[in-house]
Amino acid sequence: MLTRIDHVGIACRDLDAKIAFYESAFGLTVASIEVNEAQGVREAMMHVADGPAGSSYVQLLEPTGPDTPVGRFLERRGEGVHHVGYGVTNVTAALAAMGAAGIRLIDERPRHGSMGASIAFLHPADIGGVLTELVQAPVTPESR
Ligand code: CO
Numbered sequence: 371m372l373t374r375i376d377h378v379g380i381a382c383r384d385l386d387a388k389i390a391f392y393e394s395a396f397g398l399t400v401a402s403i404e405v406n407e408a409q410g411v412r413e414a415m416m417h418v419a420d421g422p423a424g425s426s427y428v429q430l431l432e433p434t435g436p437d438t439p440v441g442r443f444l445e446r447r448g449e450g451v452h453h454v455g456y457g458v459t460n461v462t463a464a465l466a467a468m469g470a471a472g473i474r475l476i477d478e479r480p481r482h483g484s485m486g487a488s489i490a491f492l493h494p495a496d497i498g499g500v501l502t503e504l505v506q507a508p509v510t511p512e513s514r
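Shown next as structure tokens:
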């Protein structure tokens with residue numbers, strides 16, 4: 371059901387500084403920078419590599435304010451890994467299967483994610499404390 375690791379989401383306080391770090395230290399390139407007002411984040415997808423099931427990224431997340439999910443995460447835990455995003459071919463079907471397996475769903479229905487993807491979050495309490503995201507790429511993996 372899972373096709374790959376699509377991205378690892380990393381919470382940070384200064385997006386531009388973290389972009390510069392990943393560019394210089396790891397040679398990654400910016401695939402997109404977006405502001406998601408609904409989630410209260412400014413984020414960058416840093417391209418890591420392409421594989422047979424699609425591309426993989428580091429997703430850098432800077433909160434737009436302290437009273438946002440990532441803002442509260444930074445306050446509690448500091449900078450670091452925030453969530454893991456897995457690629458799926460059909461996010462609606464994957465949500466149904468995982469819900470049937472007893473995993474609590476943060477999103478009962480898919481919503482809009484980075485770069486046109488359809489995404490949904492699963493509850494970390496049922497996944498060993500790891501906030502987990504399912505990512506369905508738009509149209510083809512190559513188009514992401
Ligand atoms: Co994500």
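Residues 371 to 514 (this note's numbering) make up the sequence shown, in order. Cβ atoms here follow ideal geometry from the backbone N, Cα and C, with glycine treated the same way.
Measure from the alpha carbon of V440 to the alpha carbon of each residue in T399, G379, A467, then state which is nearest. In the sequence shown, the residue the question calls residue 440 occupies position 70. If we check each option's Cα against that of V440, G379 comes out closest.
Can you tell me whether G379 sits near the ligand CO, meaning its C-beta is under 6 Å from at least one heavy atom of the ligand? Residue numbering aside, residue 379 sits at position 9 when the sequence shown is read from its first letter. Yes, the Cβ of G379 comes within 6 Å of a heavy atom of the ligand CO.
What residue ranges within the segment 443-477 form continuous beta strand (DSSP E) runs of no fewer than 3 residues, ordered along the chain? 450-458
So which of R412, P422, G450, C382 has the shortest CA-CA distance to I375? As a first step, residue 375 must be located in the sequence shown, where it is residue number 5. With distances taken between Cα atoms, I375 lies closest to P422.
Name the DSSP bridge partner or partners of Y427? One-based indexing of the sequence shown puts residue 427 at position 57. In DSSP, Y427 forms a bridge with H377, H417.
According to DSSP, is V400 part of a helix, a strand, or is it coil? Looking up residue 400 in the sequence shown gives position 30. V400 falls in the strand class under three-state DSSP.
Should P436 go down as buried or exposed, given a rule of 16 or more other Cβ atoms within 10 Å for buried? By one-based count along the sequence shown, residue 436 stands at place 66. Its Cβ having fewer than 16 others within 10 Å, P436 is exposed.
Backbone secondary structure at L385 - three-state DSSP: The residue labelled residue 385 in the question sits at position 15 within the sequence shown. In the structure shown, L385 sits in a helix (DSSP, three-state: H, G or I).
Using a Cβ-Cβ cut-off of 7 Å (strictly less than) and excluding sequence neighbours within five positions of M371, which residues of its own chain qualify? In the sequence shown, counting from the first residue as 1, residue 371 sits at position 1. If we look at M371 and ignore the five residues flanking it on each side, its Cβ neighbours are V458, A464, A467.
Please classify H453 as buried or exposed, where buried requires at least 16 neighbouring CB atoms within 10 angstroms. Position 83 of the sequence shown holds residue 453. Buried, because 16 or more other Cβ atoms sit within 10 Å of the Cβ of H453.
Rounding to the nearest angstrom, what Cα-Cα distance links V400 and T373 in this structure? For this step, residue 400 is matched to residue 30 along the sequence shown. For this step, residue 373 is matched to residue 3 along the sequence shown. Rounded to the nearest angstrom, the two C-alpha atoms are 23 Å apart.
With V505 as the anchor, note down where its beta strand (DSSP E) starts and where it stops. Mapped onto the sequence shown, residue 505 falls at position 135. It spans 502-506 - the beta strand (DSSP E) in which V505 sits, taken as one unbroken run.
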